[in-house]
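In short: position in the sequence shown from 1, add 68, done, that's our numbering.
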Amino acid sequence: MTAETTAPLAGSGAGFLALNAGSSSLKFALFPAEGDVALATGQVDRIGPDGAMKIKDAAGEPIAPAEGGFTDHAAALATVIATVKRAFPALNFAAIGHRVVHGGIFYSAPVVVDEAVLETLATLSPFAPLHQPHNIAGIRAATEAFPGVPQVACFDTAFHRGQPFVNDTFALPHRYYEIGVRRYGFHGLSYDYVTGELGRIAPHLMSGRVVVAHLGNGASMCAIHRGRSVASSMGYSALDGLPMGTRCGQLNPGVMLYMLDQEGLNTAQIRQILYNESGLLGLSNGLSNDMRTLEAADNAEAHRAIDYFVFRVQRELGAMAAVMGGIDALVFCGGIGENSRVVRRRVCERLGWMGIEIDHGRNAESATVISSEFSRTTVMIVPTREDLVIARAARAAAGLSETAAT
Ligand code: ADP
Numbered sequence: 069m070t071a072e073t074t075a076p077l078a079g080s081g082a083g084f085l086a087l088n089a090g091s092s093s094l095k096f097a098l099f100p101a102e103g104d105v106a107l108a109t110g111q112v113d114r115i116g117p118d119g120a121m122k123i124k125d126a127a128g129e130p131i132a133p134a135e136g137g138f139t140d141h142a143a144a145l146a147t148v149i150a151t152v153k154r155a156f157p158a159l160n161f162a163a164i165g166h167r168v169v170h171g172g173i174f175y176s177a178p179v180v181v182d183e184a185v186l187e188t189l190a191t192l193s194p195f196a197p198l199h200q201p202h203n204i205a206g207i208r209a210a211t212e213a214f215p216g217v218p219q220v221a222c223f224d225t226a227f228h229r230g231q232p233f234v235n236d237t238f239a240l241p242h243r244y245y246e247i248g249v250r251r252y253g254f255h256g257l258s259y260d261y262v263t264g265e266l267g268r269i270a271p272h273l274m275s276g277r278v279v280v281a282h283l284g285n286g287a288s289m290c291a292i293h294r295g296r297s298v299a300s301s302m303g304y305s306a307l308d309g310l311p312m313g314t315r316c317g318q319l320n321p322g323v324m325l326y327m328l329d330q331e332g333l334n335t336a337q338i339r340q341i342l343y344n345e346s347g348l349l350g351l352s353n354g355l356s357n358d359m360r361t362l363e364a365a366d367n368a369e370a371h372r373a374i375d376y377f378v379f380r381v382q383r384e385l386g387a388m389a390a391v392m393g394g395i396d397a398l399v400f401c402g403g404i405g406e407n408s409r410v411v412r413r414r415v416c417e418r419l420g421w422m423g424i425e426i427d428h429g430r431n432a433e434s435a436t437v438i439s440s441e442f443s444r445t446t447v448m449i450v451p452t453r454e455d456l457v458i459a460r461a462a463r464a465a466a467g468l469s470e471t472a473a474t
């Protein structure tokens, strides 16, 4: 075990914080003016009286947290800032980037936040009540902590703006569409990163038809045609599409009516079931929401959960290929997509008709390209970096790089 360091670490010049404020956690990464390697990454868990923080430097060595509390987002952020300022005293914070779940129909790119933007973001809270208020709290706390420093909001929905109407809507009375009940799509920062990487390492694929499967604790898939999102599995809320760690994924609304009318559950109880007790956890009868645990368990409950997960990914893949008139590449990312050779192998089984054939050796090694040389469709793993997308937008806001932040 390595001793925690409290000594100042290397790093001077402009620094950029990428923040992701959730309901009870605050994830952060500190970046220098250039490059993809974070100087420090960490998170505060259980914001409140029992909060605790972990932070490590670029080499993975733990950094000792500064004195401070974690009672709310502002206190947690103050402790994070005190810690990174002590560890990197020569850094000058030039811009702070924030992950914001919802940009509604208003934002298709990162935006520098002012009071008017905050007001607009607040109007979207009813569409993402479990996330948006916390994202806004994070921005407000950072604005107080860094007066005059640009705060940049980076949206999970932005990548999907401009999707065709048919993917953006539900077949409800049109007034719901007008008031913003739409299939916005999420995980956009991840898709943005993967698209950029694909453009760099395989530009011929990027100009074609790509399905990206972001398979993590939260999971979704996106059909990307010539670099643009044309369909996504996550719709109006982060409940839609694939099953997730504890979220149900696609659900017939009749099931909710059953819970309301027949079981007499209220909305808080239903929300608890759909967000926290379903998905892999529910399918495995409470065994685990974690794919590693399920793979290791090798029993009927675990098989049931993995079978359903794989089935839904395959089904979505077929639908997305159909929407694009074919497929040139399938890309896996997210904790499961990047690490689970079992899920990748099983998803790709029996997909020869789609031109998909994986090389089992490459899959076992988690190589960048895991399809065989005979595969008509390229299958790849691109580790995603949502924190880097946020840092790049923050750099752009400080006038240091190419990404637009207006
Ligand atoms: P989040 O959506 O919270 O960012 P991650 O992208 O970190 O989640 O993904 C977490 C998921 O990845 C968990 O289900 C975890 O079990 C799974 N995972 C991580 N490593 C492995 C592995 N080696 N094999 C199988 N699953 C893995």
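In this text, a Cβ means the ideal position worked out from N, Cα and C, and glycines have one as well.
In the three-state DSSP reduction, T147 falls in the helix class (H, G or I).
Shown here, I204 sits in a helix according to DSSP, grouped into three states. When beta bridges are read from the DSSP output, D125 appears opposite A108. Counting other Cβ atoms within 10 Å of its Cβ, I173 stays below 16 and is therefore classed as exposed. A Cβ-Cβ separation of about 6 Å places A459 in contact with G165 under the 8 Å criterion. In terms of Cβ geometry, A299 and A287 do not form a close pair [threshold 9 Å].
Judged by DSSP in its simplified three-state form, M289 adopts strand. Straight through space, the alpha carbons of G354 and D375 are spaced by roughly 16 Å. Shown here, I247 sits in coil according to DSSP, grouped into three states, outside any helix or strand.
With fewer than 16 other beta carbons inside 10 angstroms of its own, G332 counts as exposed. The alpha-carbon of G206 is positioned some 6 Å away from that of H141. Rounded to the nearest angstrom, the Cβ distance from C416 to I424 is 5 Å, consistent with a contact under 8 Å.
Look at L310 here: in three-state DSSP terms it is coil, with no helix or strand label. Around the beta carbon of P271, fewer than 16 other beta carbons sit within 10 angstroms, so the residue counts as exposed. Judged by DSSP secondary structure, G81 falls within the beta strand (DSSP E) whose first and last residues are 81-89. Exposed is the label assigned to N320, since fewer than 16 other Cβ atoms lie within 10 Å of its Cβ.
If you check the C-beta of E433 against ligand 1, you find no heavy atom less than 8 Å away. From the listed residues Q200, Y304, G420, V378, the smallest Cα separation to Y244 is found for Y304. DSSP places I424 outside both helix and strand once states are collapsed to three, so it counts as coil. With a cutoff of 9 Å on beta-carbon distance, A82 and A106 are scored as not near each other. Residue pairing by DSSP places V179 opposite A221 in a beta bridge. Taking 8 Å as the upper bound for CB-CB distance, A370 and S352 are in contact here, some 6 Å apart. Those residues that bring their Cβ nearer than 5 Å to a heavy atom of ligand 1 are G284, N285, G286, D358, M359, R360, G402, G403, I404, N407, S408. By the 16-neighbour rule on beta-carbons within 10 angstroms, N357 is buried.
For the region 322-397, the continuous alpha helix (DSSP H) assignments of 4+ residues that do not extend past its boundaries occur at 335-344, 347-351, 359-365, 368-392, in sequence order.
By the Cβ-count criterion, R383 is exposed, with fewer than 16 other Cβ atoms from all chains shown falling within 10 Å of its own Cβ. Going by DSSP, V280 is part of the beta strand (DSSP E) stretching over 277-283. If you draw a straight line from the Cα of R296 to the Cα of S176, it is about 12 Å long. The criterion of a C-beta distance shorter than 9 Å is not satisfied by V168 and F227. Rounded to the nearest angstrom, the Cβ distance from V450 to V381 is 16 Å, too far for a contact under 8 Å. The DSSP-derived three-state label of G256 is helix.
A direct Cα-Cα distance of roughly 6 Å separates A120 from V112. Ranked by Cα distance from M388, the first of M289, Y252, G402, L192 is M289. F99 has F84 as its beta-bridge partners, per DSSP. The closest CA to that of A213, considering only K153, G267, G393, is found on K153.
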